[in-house]
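Peer 1: Using the working numbering, the letters of the sequence shown correspond one by one to residues 248 to 549. By construction, the Cβ of each residue, glycine as well, lies at the ideal position given by its N, Cα and C atoms. These numbers were taken from a predicted model, which means no experiment stands behind them. Before I ask anything, let me first share the structure, which is written out below as structure tokens.
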Amino acid sequence: VRGDAAQGAVEGLGADAARGDLTDPGSLERAVVGVQGVIHLASLLKMPWKSEFRTTNIGGTDALARACAGQATPPVFVVVSSLAAGGPSPAGRARTEADLDAPVSKYGRMKRDCEQAALAVAARVPVTVVRPPMVFGDGDRWALELFKSAARGLHVVPTWRESQLSLIHAADLAACLVSALTHGERAHPDEPSRGLYYAAASERPTYADLGRWVAQAVGVKPPRIIRLPGAATAVAAACSELIARLRDRPTILNLDKWREATAGSWICDPAKAVRDLSLSCPPTIDRLAETAAAYRSVGWLT
Numbered sequence: 248v249r250g251d252a253a254q255g256a257v258e259g260l261g262a263d264a265a266r267g268d269l270t271d272p273g274s275l276e277r278a279v280v281g282v283q284g285v286i287h288l289a290s291l292l293k294m295p296w297k298s299e300f301r302t303t304n305i306g307g308t309d310a311l312a313r314a315c316a317g318q319a320t321p322p323v324f325v326v327v328s329s330l331a332a333g334g335p336s337p338a339g340r341a342r343t344e345a346d347l348d349a350p351v352s353k354y355g356r357m358k359r360d361c362e363q364a365a366l367a368v369a370a371r372v373p374v375t376v377v378r379p380p381m382v383f384g385d386g387d388r389w390a391l392e393l394f395k396s397a398a399r400g401l402h403v404v405p406t407w408r409e410s411q412l413s414l415i416h417a418a419d420l421a422a423c424l425v426s427a428l429t430h431g432e433r434a435h436p437d438e439p440s441r442g443l444y445y446a447a448a449s450e451r452p453t454y455a456d457l458g459r460w461v462a463q464a465v466g467v468k469p470p471r472i473i474r475l476p477g478a479a480t481a482v483a484a485a486c487s488e489l490i491a492r493l494r495d496r497p498t499i500l501n502l503d504k505w506r507e508a509t510a511g512s513w514i515c516d517p518a519k520a521v522r523d524l525s526l527s528c529p530p531t532i533d534r535l536a537e538t539a540a541a542y543r544s545v546g547w548l549t
């Protein structure tokens, strides 16, 4: 953890917390001494225009991988990547681990490079890469806007073209990551798909359907679906990014995310994770309802 609040939260759960930072290799080396496994979730997000977006994320992954490799008994290293590292669905079908990677965004290319930094030590460190799609769940402020919009009776689709997406609840992903740590397949330099998993729920709604599902979870009538041309959403993304740059703050509405949103369907096949990691996801509508209830319990959603 980096700050006092995170340290207190971790220790409040009964776990030990180590202070560290992706930009401080020494802190990472101290943090991994004597541990059996590392799940790498730390990253700098929503600011793809900054040089630190690549240096912090890729350099930090490299430093953490080297810290693991430097241990007398290297820990298992699970890298949490993204479907964006693989790219949108090829030819309208679900992406699998055997498909060639084709990232379309800075974020996707950065995540792919983070994977490569970890795989560089795979001869010494047991490495597994997990690529989730859209993640939602309790405490997630980015997905909150989707719920608020649905509660107001409105759902905006960023393109005229119909596209599908995969998604997964944070709790289901967490269970999958623990399974990957304990008995997942490990990467091998001669087999690109070995040690790689896509983790997602089985449902593949369109983005318009997701808005309807969220409305149902919130307990309101189906929202009005507004489809915008890609050019209009590009302008909105550019304006949002400009404001974020001036304020030096992250934003999910940026040109990089626009490239992903307009690239087609983002669906992946979780069959390998189901087989090897016992990935099991309750119905997504139930998970959305749980998320809505959690938002209401802390006053984020009325």
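I need the straight-line Cα distance from ALA397 to ALA289, nearest angstrom please.
Peer 2: 30 Å
Peer 1: Just verifying my parser: in three-state terms, what is the DSSP assignment at TRP513?
Peer 2: strand
Peer 1: Mind checking who GLN411 pairs with in its DSSP beta bridge?
Peer 2: THR453
Peer 1: Which residues bound the beta strand (DSSP E) around MET381?
Peer 2: 381-383
Peer 1: When the Cα atoms are used, what is the spatial distance from THR538 to ARG388?
Peer 2: Cα to Cα, THR538 sits roughly 11 Å from ARG388.
Peer 1: Can you give the Cα-Cα distance for LEU500 and LYS293, rounded to whole angstroms?
Peer 2: 8 Å
Peer 1: Consult DSSP for ARG441 and reduce its assignment to one of helix, strand or coil.
Peer 2: Collapsing the DSSP output to three states places ARG441 in coil.
Peer 1: Just to confirm my understanding: we take GLY284, look at its own chain, exclude 5 residues before and 5 after, and list those with CB closer than 6 Å. What are they?
Peer 2: PRO322, VAL323, LEU428
Peer 1: Residue range of the beta strand (DSSP E) that GLY284 falls in?
Peer 2: 284-287
Peer 1: Name, in chain order, the residues that DSSP records as bridge partners for ARG433.
Peer 2: Paired residue(s): none; ARG433 is not in a bridge.
Peer 1: In whole angstroms, what separates the C-alpha of THR303 from that of GLU409?
Peer 2: 35 Å
Peer 1: For LEU420, which residues from the same chain have a beta carbon less than 7 Å from its beta carbon, with the 5 sequence-adjacent residues on both sides left out?
Peer 2: PRO379, VAL382, ALA446
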